[in-house]
Every structure is written in C-alpha cells, then in structure tokens.
DNA sequence: TAGCTCGTTGGACAA
DNA sequence: TTTGTCCAACGAGCT
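Residue numbers (the numbering used here): 725 to 1206.
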C-alpha cells in the first residue's frame, strides 16, 4: 500500500458525506491531503460573482472546521491550478490526485488539461461523479443526439435507478503527518467589499450540516404540499437547497434517497419536487452539450435580435424601481437575501426581456453576480427560456402580466409588502397596481406615485404590444436591419 | 423516410 | 365568475 498522500482537490463538492472522490481516496488507504484552489482564471467569462463568493467563503470555513474535527487541514491556495498542484506535489510527495467532475466548458477543458499533464508526469489522476444523478454523456435521444427538450429528457432518465449516496468511511480517513502551507481564508478575498451582503447570514447558514437540516425540514413539513404551495413566494415551501446544491454541500443522490425513504411514491408534491431535481440535471445536460450557451443563444438566429440597450431601464430593474410591485419585490428580495423565489424569477425575467426589450444576457449577468445559488447551467437555461431563444424555451408571445401574476400568487400582497414597504399601507386590492388606487386611498397610505414609489417604467399594454411586435417581426425576418 | 404528436411555469378576450 | 379559444408555427423526438 502506498503511503504517499492523495491530493483531494475540492471544488464544487464541499462536503464530506456522499463525496465519491473522498470515499475512493479513503478506500485507497493513503493519507488524504485536502486542497482547495482559488483559481479565478479558470472560469473563462464567468468567474463566480460576489454573492457566490460570500457563500464560498463560509462553505470553505465550514469544511475547514469539519476537517479539523477529524484531525486534518484544508489547504487553501490562490493561483493557477496547475502551478498550485505542482507546488503541493513537490511539498508533500503526493502520488495521486482525486477530484469530482465539473461540467461547464472552461472547467471541463481545464480539468482535461490537468489530467493529461499530471498523468504524463506519473501522477495517478482519477475523477468521479458526485454532482449529478446522470452525467450528460450518459443521456441521449434514440438517435444518439443530446436532448434539447425537457419532457423527453425526463422520460429518458426517470426510470433509471438512482445510485445510493456513497458511504464515506470517515473513521478510516487518515492525514499526512505534516501539511504544506495554507493561506488564511481571508487572504482569498472572497468577502465582497461593498457591505450589501451583511444581512445574508440572517437568512443562510452555508454549512453541510445546515443543508441536511433544511432537507429534513422540507421533507417533514413541506414536500407533500409542494405541488400546491411552491408558486406562492410568501409562503412557498420550496426547499431552498439551491445554493447548497451548487456548492456541493448536499448532493442529488442524498436528496433522492431521502425523498424515496420518507415520502409516499404516489405523492404529487414529492413527484413534482423530484422533477425539479431533474430540471437541474437537464440544465447540466444542455450546458455540457452546448458549452457556448452562457454567451450565445441555443437558437443561433437570436444572436441578431435587436435588443434595446437602455442602462437607465436596466438599472431601474436591478434596483427594484420598475413601478411593478411584484417585480420590485423580487429584485429587492434578491438584493437583500441573495435569493429569489422561482416564480418571481420568471416574472422579473419576462419584464426585462419582453416589456423592456433588454438582452437576456444582461439579466443573466445580474443574477450571476447577486444570487447565492448562481449556477451557470441553471442560470443560462432559465434566461434563455425567458428570452425565447433556448432549449425548450417559452413561446415568444408569452408575456407575463405582472399584475395578474401578483394577484394570482400573492393575493394578499404580503410578499410585496415585505420587500416594498412603501406600499405596506395599501389594501390588497391595489397592491399589485397602485396607480389604480383612488387618490384619497394613496394619500392615506402615504404614497405619492412618482415620488415615494415609481410609476411603471412602461405601461403594461404598450410594453406587451411592443414586445409581441418586435419578436414576431424578428421571427419573420431574423436578419439584422442594416 | 415521412408523418405524427407534443411542447414546465401564460394572457387576453369573448361568451 | 368561469371556461374555452386563440396566440403561431416549428423542431424535437418518436414510430
């Protein structure tokens, strides 16, 4: 048995349980050297945003502490992945590198280069799946092509047996006698300079243990009503596991196993939730097979779509000052908590892309920077869906009506009032359209439209008509007008 | 190959 | 108030 250490290169798999690479490294029997590399150049055009970095900081801290409790150390290094790995190998005499696979284009390329380079240098490099139920290369249509529509994708994989979580035998985990130098966590500079993130910790605890607490709570209290409740942003009963999934503090195998063992197989809520897990898989599938989609529409004609580019409108949307209460509530929830309810994500995206005719990539960028769960696969799929240019996209004539959506899914206006307090005194009837309220009522509520709360940046009917016109004209004649 | 069915999340309007 | 119909046409995916 080798006693030269195995480098366990942690990336988006910041957990000890159900961690395939870690389990395999332990089974190998050599001491394990846990390493995290902060390599900001590895991500191409999409380095993690500020909110993501906040989460990453705390997730690393948590992993550090979990490893310390076992007698180990998480080595933290900033810099080029290859160079850091070379340094760690030189300092430790490691003869193996194990990791769990990543799926975004630039990361896949980087990992492939690392594998070739270090294998050629005589290091045993092994990679594993710990992030997905079905890796993208294992799923295709009967014609052997990648799935571009969700339903056939789901039908293809829904009956496959989900592997059980990997048992990580931590009692057999051993560490080297000495560790190479580590940088202090703060030196990674992950905490944003602006202090907008100060409240995140009121809403989130980015630890592996907290992920399981959330899952337990969700399964115990919420999942059976998930199909009924998930669309109501104020009392949604969604699992809010997305950031934990993104950083790998919990894995989909763990979620499915818990779902299977603790819910009735016939329960509709559990079934719909399971489908959401498979949506995440579908997003990874699309990103893997179409690695350019973060920057390019899957339907190439849309690369020429004549978006308006209006920085004032974009800014009003970003700041939650569009004058549409449900939209502003969502954008402020995002800013305040680092997260936004899924239904509201669709509503704000529709407004930006359709009413305001702003490029979906602007929305994707903003979400990327402000969402704690920002995930290249899911973010890209979602925005291309809204933009009507992606896999399984919404039809172009589908324009969400922000008032109707608000009345339907926030009938009492409690969600709006939570995040848009200047409307708190309005009766529910007018909360989603304050401009329709009688003057006296507005006065009593202390609202001066255009001063204490904005008038709509564009009138709904006109905005809808303009969007339908722009999209239908473009479809008839997708060539740019020169 | 040709033909068939179907498509996560909706809105507006008429009856 | 509720329900049905249209929006509009296309490509994915299957047989």
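Glycine is no exception: its CB is placed at the ideal position from the N, C-alpha and C atoms. The structure displayed is predicted, hence computed values, not measured ones.
Within the same chain, and ignoring the five residues on either side of residue 951 in sequence, the residues whose Cβ sits closer than 7 Å to its Cβ are 992, 993 and 996. For residue 874, the enclosing alpha helix (DSSP H) begins and ends at 874 to 881.
For residue 1093, the secondary structure class from DSSP, reduced to helix, strand or coil, is helix. The stretch 792 to 811 makes no contact with the stretch 938 to 953; the number of CB pairs closer than 8 Å stays below 3. Partner residues in the beta bridge of residue 760, as assigned by DSSP, are 734 and 800. Here residue 974 carries a coil assignment [DSSP, helix/strand/coil].
In terms of Cβ geometry, residue 1062 and residue 1051 do not form a close pair [threshold 9 Å]. Between the beta-carbon of residue 775 and that of residue 1096 there is about 5 Å, and that keeps the pair under the 8 Å contact cut. If one requires a minimum length of 4 residues, the alpha helix (DSSP H) runs lying completely within the stretch 923 to 971 are 924 to 927, 932 to 941, 950 to 953 and 966 to 970, in chain order. 9 Å or more divides the Cβ of residue 863 from the Cβ of residue 1115. At a Cβ-Cβ threshold of 9 Å, residue 851 and residue 822 count as neighbours.
Contact check for residue 745 and residue 729: beta-carbon distance about 14 Å, past the 8 Å limit, so the pair fails to qualify. In the three-state scheme derived from DSSP, where H, G and I count as helix and E and B as strand, residue 794 is classed as coil. Counting other Cβ atoms within 10 Å of its Cβ, residue 935 reaches 16 or more and is therefore classed as buried.
As for any alpha helix (DSSP H) of minimum length 4 sitting wholly inside the stretch 988 to 1042, the runs are 992 to 1013 and 1035 to 1042, ordered along the chain. When beta bridges are read from the DSSP output, residue 823 appears opposite 733 and 851.
In the pairwise beta carbon analysis, the stretch 1102 to 1112 is classified as not touching the stretch 1145 to 1154: fewer than three pairs are separated by under 8 Å. Ranking 804, 812, 780 and 771 by CA distance to the CA of residue 756 puts 812 first. With contact defined as three or more Cβ pairs closer than 8 Å, the stretch 975 to 982 and the stretch 999 to 1008 are in contact. A Cβ-Cβ distance of about 7 Å is found for the pair residue 892 and residue 742, placing them in contact under the 8 Å criterion. The beta-bridge partner set that DSSP reports for residue 1139 is empty. For residue 901, the closest alpha carbon among the candidates 795, 909 and 939 is that of 795. Take residue 801, set aside five residues on each side of it, and the residues of its chain with a beta-carbon closer than 8 Å to its own are 759, 760, 761, 762, 808, 811, 812, 906 and 907, in chain order. Excluding five sequence positions before and after residue 1070, the CB atoms of its chain that fall closer than 7 Å to its own CB belong to 1110 and 1124, given in chain order. Contact between residue 1040 and residue 1139 does not hold, since the beta-carbon distance rounds to 20 Å and is not under 8 Å.
Per DSSP, residue 894 is not a residue of any alpha helix (DSSP H), being assigned neither H nor E.
Judged by their CB atoms, residue 1094 and residue 773 are nearer to each other than the 9 Å cut-off. Beta-bridge partners of residue 1177 (DSSP): 1173.
Within the same chain, and ignoring the five residues on either side of residue 1180 in sequence, the residues whose Cβ sits closer than 8 Å to its Cβ are 1046, 1047, 1048 and 1159. Beta-bridge analysis with DSSP links residue 1082 to 1032. Between residue 1182 and residue 1022, the C-beta gap is not smaller than 9 Å, which leaves the two residues out of contact.
The straight-line gap separating the alpha-carbon atoms of residue 786 and residue 879 is approximately 38 Å. The C-beta separation of residue 831 from residue 1008 comes to about 12 Å, leaving the pair out of contact by the 8 Å criterion. A buried status is given to residue 931, since no fewer than 16 other beta-carbon atoms sit within 10 Å of its beta-carbon.
Shown here, residue 1131 sits in a helix according to DSSP, grouped into three states. Distance check between residue 1143 and each of 1161, 1135, 1058 and 1092 places 1058 closest, using alpha-carbon atoms only.
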